[in-house]
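Numbering (full-length UniProt numbering), first residue to last: 1 to 245.
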């Protein structure tokens, strides 16, 4: 178990939360009558990202804490793996939403959004995300507990929650094709940076290395600008809101 790989995984999950929250906030700002679940999911993702940032900060301050406190490992694995699975699913969900919106027009994107946005599924994900955020908050507290007895007591208090989170994660894996490791402790390979991946190329590919890097970094930015441009209000936004309700 490499402490740096764990913090890298936490950063990956946090980034997914922030990215999805930003996209949802863009939609909410452009659509005054957007479903309330858009705002709810956006807010919950921000809370989860904040808690994950605390986890990352504490792990960076003491990289050996999980090695010294094996009692924490199972709780960490359950909560963070659940977050990784859910945010991986959310990444796919947000991608399908953005593709749907980009295939429409500035006048039709709200209708397209409503065909993709599944209220019942979002409410289920919201409930799971809230439970995960509570568990992550508990992990933040556990990382700062000095007494072994106090740590075990807190773990016992959250045992039922962690079991439910584990069951929800198994359900998500069964019902969706989610490309995520079985454990955050097994995700070292997926945490390689873009630079690391490019550095592994053969020497004879050096001439195209710079262009490849630019395409990896800049393409998402162009995609993002196109997406936000689609959400810019039109002169008849109010009437369009009425038609989509």
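All C-beta atoms, glycine included, are put in the ideal place defined by N, C-alpha and C.
Looking from the CA of residue 13, the closest CA among 53, 41, 174 belongs to 53.
In this structure, DSSP gives residue 178 a state outside helix and strand, which the three-state scheme calls coil. By the C-beta criterion, the region 129-147 is judged to be in contact with the region 37-52, since at least 3 inter-stretch pairs fall below 8 angstroms. Per DSSP, reduced to three states, the secondary structure at residue 183 is coil, with no helix or strand assignment. Segment contact: the region 8-22 against the region 87-102, three or more CB-CB distances shorter than 8 angstroms; contact assigned.
Following the DSSP letters along the chain, one finds residue 112 inside the alpha helix (DSSP H) bounded by residues 109-116. Sixteen is the threshold: since fewer than 16 other Cβ atoms of the shown chains lie within 10 Å of the Cβ of residue 36, the residue is exposed. Assigned with DSSP and collapsed to three states, residue 119 falls in helix. Taking a cut-off of 8 angstroms for Cβ pairs, the region 23-33 and the region 143-154 do not touch, as fewer than three such pairs fall below it.
The three-state secondary structure of residue 143, taken from DSSP, is coil. A Cβ-Cβ separation of about 6 angstroms places residue 184 in contact with residue 77 under the 8 angstroms criterion.
With respect to the C-alpha of residue 168, the residue from 125, 148, 152 having the closest C-alpha is 125. When rounded, the separation of the alpha-carbon atoms in residue 106 and residue 112 is 11 angstroms. Per DSSP, reduced to three states, the secondary structure at residue 152 is helical.
Linking residue 152 to residue 79 through their CA atoms gives a straight-line distance of about 16 angstroms. For the options 19, 2, 27, the alpha carbon positioned closest to that of residue 117 is the one of 27. Per DSSP, reduced to three states, the secondary structure at residue 104 is coil, with no helix or strand assignment. Residue 69 carries a coil assignment under DSSP once its states are collapsed to helix, strand and coil. Taking 8 angstroms as the cut-off, the Cβ atoms of residue 139 and residue 180 do not count as close.
Between residue 122 and residue 24, the C-beta gap is not smaller than 8 angstroms, which leaves the two residues out of contact. Residue 33 carries a coil assignment under DSSP once its states are collapsed to helix, strand and coil. Approximately 5 angstroms separates the beta-carbon atoms of residue 51 and residue 137; this is inside 8 angstroms, confirming the contact.
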